[in-house]
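In what follows, a structure is listed as structure tokens, so that the remarks can point back to it.
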Amino acid sequence: LGAGLTTLSLSGNAVGDRGAEHLAAALSGGNAKLERLLLSGAGVGDVGALALAAASYRHARITSICLSSCRLSDVGASALTDALRSTQLADVGLASNPGVSDVAVAAMSLATADKAKVRSDTEIRLRRRRATRAGAGAGGAVTELGAAELGAVGRQACDANDLIWPPRAGVNANATATAGNGTVLIPFHCTELHLGSINFGDSQLASLAVALETNTQLILLDLMSNRIGDMGAAALADALEKNRNLRTLDLYANEIGDEGATALGRGLASNRGLAVLDLWDNKVGDAGAIALATALEAQGDEAATGV
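Counting from 7, one number per residue, gives the positions in the sequence shown under the numbering used here.
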């Protein structure tokens, strides 16, 4: 099983300072597993930036925060620069913040370059150490499988044409095989399911979500650029409460609002399998962001208590 959500994207939503403060509070609890928080174009200002900067000192896992196209000034930028120098943060995105001066941008760039140099030197030393150990254990024949190659082993990408729909369900009108209970069937060999930009709505997703509840092989579900709203998100939330195998859920550019985000938060609270949740360019406001922050805290509490 996974250890909980490691990447959360709420870019392009109306998170604001209030939502950012609650996300920071979730990180400050110390038990959340989040490593990357993406809030580009999410309406965050100095108040939210200060809260996130402070949280980075208490949350040892966070390595990347993106606040591009927000409402920051030098106050927020300086706090994040200090955090970048003093914590495990490796990358802070501040592009397209008109209130941030060239001086503050230069200071951030310098801090980022210094951190990258330290990280590069450390990675080189670690690679040499691993290679030495591997060589000693394999008679000098050192082989290393890169992360991208490792991730591709055994994966099978599928799309809408691979799904088997009941009659009149909508997507594949010519499908001949049906599911007896009216639920779409996901072929067993599919580990990645790409359903982006196919005019997918809540009704189709409801059927798919039922199949996800008992699916054990799917690790990536791509639903970007569809018409999924709060009802579809709620159906996915129900599936997440039972499915602990899915690792990536991409809901970029849909129509999910606070109600849907709140439902997803409920599903995430008891799900430590999902690692990446992308809600970029939806309709989530601060209430939805707060619900997701609460879910992050719940994940951390569950991990800390060993539940």
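Here a beta-carbon is modelled for each residue, glycine too, at the ideal position from N, C-alpha and C.
Using only alpha-carbon positions, find the residue among the options that is nearest to residue i.
i	options	result
Ala31	Ala212, Ser17, Leu56 and Arg253	Leu56
Ala295	Val50, Asp120 and Ala166	Val50
Ala26	Thr254, Ala281 and Val53	Val53
Ser209	Gly238, Gly47 and Lys248	Gly238
Val3	Leu86, Leu298, Arg91 and Glu303	The question about residue 3 has no answer here: the residues shown for the chain are numbered 7 through 313.
Lys289	Glu261, Ala163, Asn103 and Ala304	Glu261
Ser34	Gly202, Leu226, Arg42 and Ser62	Ser62
Asp287	Ile71, Thr13 and Ala48	Ala48
Ile170	Ser203, Val282, Gln162 and Ala217	Ala217
Ala66	Ala119, Ala297, Ile192 and Lys39	Lys39
Met230	Ala301, Lys248, Ala259 and Asn205	Ala259
Ser75	Ser102, Lys121 and Arg64	Ser102
Run through DSSP, which three-state label would residue i get?
i	result
Gly54	helix
Ile296	helix
Arg77	strand
His65	coil
Asn265	Position check: residue 265 holds Glu in this sequence, whereas Asn was assumed. Three-state result, Glu265: helix.
Ser231	coil
Lys248	coil
Ser276	coil
So what does residue i bridge to, in DSSP terms?
i	result
Cys164	Leu199
Ser15	Leu44 and Asp284
Thr254	Leu226 and Val282
Ser70	Arg42 and Asp97
Gly105	Ser79
Leu191	Ile170
Could you compute how far the alpha carbon of residue i sits from the alpha carbon of residue j?
i	j	result
Asp127	Thr220	Reliability of the predicted coordinates at Asp127 is poor, the pLDDT of 41 falling under 50, and the value obtained from them is presented with this limitation in mind. Cα to Cα, Asp127 sits roughly 45 Å from Thr220.
Glu198	Gly279	15 Å
Ser84	Ala113	8 Å
Leu285	Ala110	29 Å
Ser92	Ala59	10 Å
Ala314	Gly266	This structure gives no information on residue 314, because the portion of the chain shown stretches from 7 to 313.
Thr12	Leu283	9 Å
Asp23	Pro193	43 Å
Ala269	Asp88	36 Å
Report the CB separation of residue i from residue j in whole angstroms; it is logged as a contact under 8 Å.
i	j	result
Ile68	Leu45	Ile68 to Leu45, Cβ: 12 Å. No contact.
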